[in-house]
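Q: If you count by numbering that gives the first Met the number 0, then the sequence shown holds residues 0 to 137, one letter each, in order.
Positions of the beta carbon are idealized from the N, C-alpha and C atoms, including for glycine.
Got a structure here, written out as structure tokens. Questions coming.
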Amino acid sequence: MIIKQISIFMENTTGRLADVTALLAKAGVNLRALSIADTADFGILRMVADQPDEAVQLLKDAGFIARETDVIGVEVPDHPGELARIMALFRDEGVNIEYLYASLEHKVDKAVIVLKVDDINAGLAMLEKHGFSTIPSF
């Protein structure tokens, strides 16, 4: 299943992340996964929320640059070597992983990772072929 990720481009300054999370919390938006990548001046906050469309609109209305991207959420057995196994499957199938991050969601004996791949349909087909469960939302 494809899920919606929100990417927010923001200044790398003290309190900016607090501003974003407070805005979303006040509106009742729950964050299910997040990652931040930074440069000297700017950062990209990537997150999965339970209300992505509403979150993007709130952020834009508050002056943030925000957009939605299609990503895959996949359950992976929570055991040593499982991430390496799934990475090898993507490599062997020729699907490039642009980035990934872990979710705040954790199920019994399962971890949830969020993947951005160069060919989302090929990625989904590969995961299904190898018996991995994708999640439609958090």
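1. Roughly how many whole angstroms lie between the Cα atoms of Gly42 and Met9?
2. Which same chain residues, not among the five before or five after Ile119, have their C-beta less than 6 Å away from its C-beta?
3. In whole angstroms, what is the alpha-carbon distance linking Val3 and Lys106?
4. Name, in chain order, the residues that DSSP records as bridge partners for Val75.
5. Thinking just about the alpha-carbon of each residue, which of Ile134, Ser6, Ser132 is nearest to the one in Arg66?
6. Sort Leu33, Lys115, Pro135, Pro51 by Cα distance to Phe89 and report the nearest one.
7. Since I believe Ile71 is in contact with Leu30 (beta carbons under 8 Å), could you give me their beta-carbon distance rounded to a whole number of angstroms?
8. DSSP three-state label for Gly62, please.
9. To the nearest angstrom, report how far apart His218 and Leu82 are at their CA atoms.
10. Can you tell me whether Ile85 is buried or exposed? The criterion is at least 16 other CB atoms within 10 Å of its CB, across all chains shown.
11. Among Ser136, Val94, Asp91, Glu92, whose alpha-carbon lies nearest the alpha-carbon of Ile112?
12. One question on the structure: do Leu22 and Leu44 come within less than 8 Å of each other, judged by their Cβ atoms?
13. Along the chain, where does the beta strand (DSSP E) that runs through Phe41 open and close?
14. My output table needs one value for Ala26: the three-state DSSP class, helix, strand or coil.
15. Quickly, what does DSSP pair Lys128 with across the bridge? List them, please.
A: From the atom records:
1. Start at 1 with the first residue of the sequence shown, and residue 42 comes out as number 43. Start at 1 with the first residue of the sequence shown, and residue 9 comes out as number 10. Cα to Cα, the separation comes out at about 5 Å.
2. The count along the sequence shown starts at 1 and reaches residue 119 at position 120. Answer for Ile119: Asp69, listed in chain order.
3. Residue numbering aside, residue 3 sits at position 4 when the sequence shown is read from its first letter. Residue numbering aside, residue 106 sits at position 107 when the sequence shown is read from its first letter. A quick correction: the sequence has Lys, not Val, at residue 3. Spanning the two alpha carbons is a distance of roughly 20 Å.
4. As a first step, residue 75 must be located in the sequence shown, where it is residue number 76. According to DSSP, which records beta bridges pairwise, Val75 is partnered with Ala110.
5. Residue 66 sits at position 67 when you count from the first residue of the sequence shown. For the residues Ile134, Ser6, Ser132, the minimum Cα distance to Arg66 belongs to Ser6.
6. Taking the first residue of the sequence shown as 1, we reach residue 89 at position 90. Per the Cα distances, Lys115.
7. Indexing the sequence shown from 1 puts residue 30 at position 31. Indexing the sequence shown from 1 puts residue 71 at position 72. With 8 Å as the limit, Leu30 and Ile71 do not qualify as a contact, their Cβ atoms being about 18 Å apart.
8. Translated into the one-based positions of the sequence shown, residue 62 becomes position 63. Here Gly62 sits in coil by DSSP.
9. Within the shown structure, residues of the chain are numbered from 0 to 137, placing residue 218 beyond reach of any answer.
10. Here the question's residue 85 lines up with position 86 in the sequence shown. By the neighbour-count rule (16 or more Cβ atoms within 10 Å), Ile85 is buried.
11. Working through the sequence shown from its first residue, we reach residue 112 at position 113. That would be Ser136, whose Cα lies nearest to the Cα of Ile112.
12. For the purposes of this step, residue 22 is taken as residue 23 along the sequence shown, with counting starting at 1. For the purposes of this step, residue 44 is taken as residue 45 along the sequence shown, with counting starting at 1. Cβ atoms of Leu22 and Leu44: not closer than 8 Å.
13. Counting from 1 along the sequence shown, the entry for residue 41 is found at position 42. Run containing Phe41: 41 to 48, per the beta strand (DSSP E) assignment.
14. Sequence index remark: in the sequence shown, residue 26 carries index 27 (1-based). Three-state DSSP puts Ala26 in coil, outside helix and strand.
15. By 1-based counting over the sequence shown, the position of residue 128 is 129. In DSSP, Lys128 forms no bridge with anything.
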